[in-house]
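Residue numbers (this note's numbering): 12 to 236.
Let me begin by presenting the structure, written as C-alpha cells, before commenting on it.
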Amino acid sequence: MKIGFSLQIALHFICLLVIMAPLLAGEELKCDIFVYDSIVTADLKLAGMFTSELVSSIREGYPLHLEIEAHLKKSYPLWIDPTLKKYQAQIHIEFQSFGARFKLYLLDFNHEITESSHKDFFRIVDKIDEQMILASKHINNLEYDDHYYLSFTLKQRRLTAAELSRAGQWYLGMERSDSEQQPEASNLPEKAFEQVLDMTRMGPEKREFSTFTFKPGKLPIIKPR
C-alpha cells in the first residue's frame, strides 16, 4: 500500500515538473569546426539554448541535467552513414539557496571534471561554453576530400527516478539510513518510479542536431599559440 501511495506522490511530482521545468530553447546548437594542432575540433556553444524560464525553474529548485552524445560520421549519399567515433559529456546545474549561487558540475568530452559556482547564471553558461571543446580525430586519420559531419543528441532530465523515489520515501516517512536499508529491497521504489516515468513519457527529453558536412582538407586551420 505504501508503494502504491508513493506512486501517487510521484505522479504529483511529475505534474509539477511539467509546469515548472521547461525545456531548452528551440534554437539550433551552434558548432564551429576547424583543425587545431592537426586535430579536427568542434567548439560547441549552448548559450542561446538557455531561456529565462529555464533559469527560473533552476532557481526554484529544479536542477538541470544534460547528457550530450556526439557521433563523428562519414557521409555516404546512398548508404547508411557509419559512426567513426562516439563522444559523451554531461552538464548538471543546480541552485544552492545557501549563498544564492548556481552550482555547475561538468564532465567534458575529454572526461575532465569542472566544478564552478556563481551568483550570475550566465557566468555558469560562459564556463560551459569554454569547456565544450570536442577534439575529434587526427586529420591524417581522415580522408581529406571525403565528407564527414557531427551529429549531437541532447538529453534533458527533469529529475531522475532515484530522486523521485527518495522524495516519495521522505514524504511518507519511509527514508532510512543506508545501514538500515535491505539490499534486496532498496531498488524496488526506484524501479517502480522508472515505470511511472515510462508510462507518462516523462523520461529524458531528446533534441537532435547535425552539423554541416565538411571535408577535412577544406577546414580552417588554427595554430596553437
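Note that beta-carbon positions come from the ideal geometry of N, C-alpha and C, so glycine has one too.
(1) What are the boundary residues of the alpha helix (DSSP H) that S67 is part of?
(2) Give the DSSP bridge partners of S162, in chain order.
(3) My guess is that S162 and H82 are in contact by the Cβ rule of under 8 angstroms, so how many angstroms apart are they, rounded?
(4) Return yes when the Cβ of Q101 is within less than 8 angstroms of the Cβ of E71, no when it is not.
(5) Between the C-alpha atoms of G228 and F113, what's the straight-line distance to the nearest angstrom?
(6) What residue from E105, S108, K97, D137 has the CA that sits closest to H122's CA?
(7) Among the candidates D131, Q107, L57, whose CA atom is the shortest distance from the CA of F220?
(8) Closest to L75 by CA distance: which of H103, T52, D92, Y87 is it?
(9) Taking the beta strand (DSSP E) that E123 falls in, what are its first and last residues?
(10) Buried or exposed for Q107, going by 16 or more other Cβ atoms inside 10 Å?
(11) Just tell me which of T222, A111, D119, H158 has its CA closest to the CA of I139.
(12) In this structure, does DSSP put D131 in helix, strand or coil?
(13) Enumerate in chain order the residues of its own chain whose CB-to-CB distance from E154 is below 8 angstroms, with the five nearest sequence positions on each side excluded.
(14) Look at the alpha carbon of C42 and the alpha carbon of Q142, and state the distance between them as a whole number of angstroms.
(15) Give me the residue from I91, I135, E126, S86 with the minimum Cα distance to D156.
(16) Between which two residues does the beta strand (DSSP E) carrying L117 extend?
Looking at the coordinates:
(1) By 1-based counting over the sequence shown, the position of residue 67 is 56. Where S67 is concerned, the enclosing alpha helix (DSSP H) stretches over 63-70.
(2) Along the sequence shown, read from residue 1 onward, the residue named residue 162 stands at position 151. S162 is bridged to H82, S221.
(3) On the sequence shown, position 151 is the one that residue 162 refers to. On the sequence shown, position 71 is the one that residue 82 refers to. With a Cβ gap of about 5 angstroms, S162 and H82 count as contacting.
(4) Here residue 71 refers to the residue found at position 60 of the sequence shown. Here residue 101 refers to the residue found at position 90 of the sequence shown. In this structure, Q101 does not lie closer than 8 angstroms to E71 by Cβ.
(5) Start at 1 with the first residue of the sequence shown, and residue 228 comes out as number 217. Start at 1 with the first residue of the sequence shown, and residue 113 comes out as number 102. Using only the alpha carbons, I get a separation of about 42 angstroms.
(6) Locating residue 122 in the sequence shown gives position 111, where the first residue counts as 1. Minimum Cα distance to H122 is reached at K97.
(7) In the sequence shown, counting from the first residue as 1, residue 220 sits at position 209. Nearest of D131, Q107, L57 to F220, Cα basis: L57.
(8) Locating residue 75 in the sequence shown gives position 64, counting from the first residue. Checked all of H103, T52, D92, Y87; the closest Cα to L75 is H103.
(9) On the sequence shown, position 112 is the one that residue 123 refers to. Run containing E123: none; DSSP gives neither H nor E here.
(10) By one-based count along the sequence shown, residue 107 stands at place 96. By the 10 Å Cβ count, Q107 comes out exposed.
(11) To locate residue 139, count along the sequence shown from 1; it is residue 128. Here the closest residue by C-alpha is D119.
(12) The residue labelled residue 131 in the question sits at position 120 within the sequence shown. Here D131 sits in coil by DSSP.
(13) Translated into the one-based positions of the sequence shown, residue 154 becomes position 143. So the qualifying residues of the chain are P227.
(14) If you number the sequence shown from 1, residue 42 lands on position 31. If you number the sequence shown from 1, residue 142 lands on position 131. Between C42 and Q142, the C-alpha separation is close to 13 angstroms.
(15) Residue mapping note: residue 156 aligns to position 145 of the sequence shown, counting from 1. Looking at the Cα atoms, S86 is the closest of the given residues.
(16) Looking up residue 117 in the sequence shown gives position 106. 112-118 is the span of the beta strand (DSSP E), which, as asked, contains L117.
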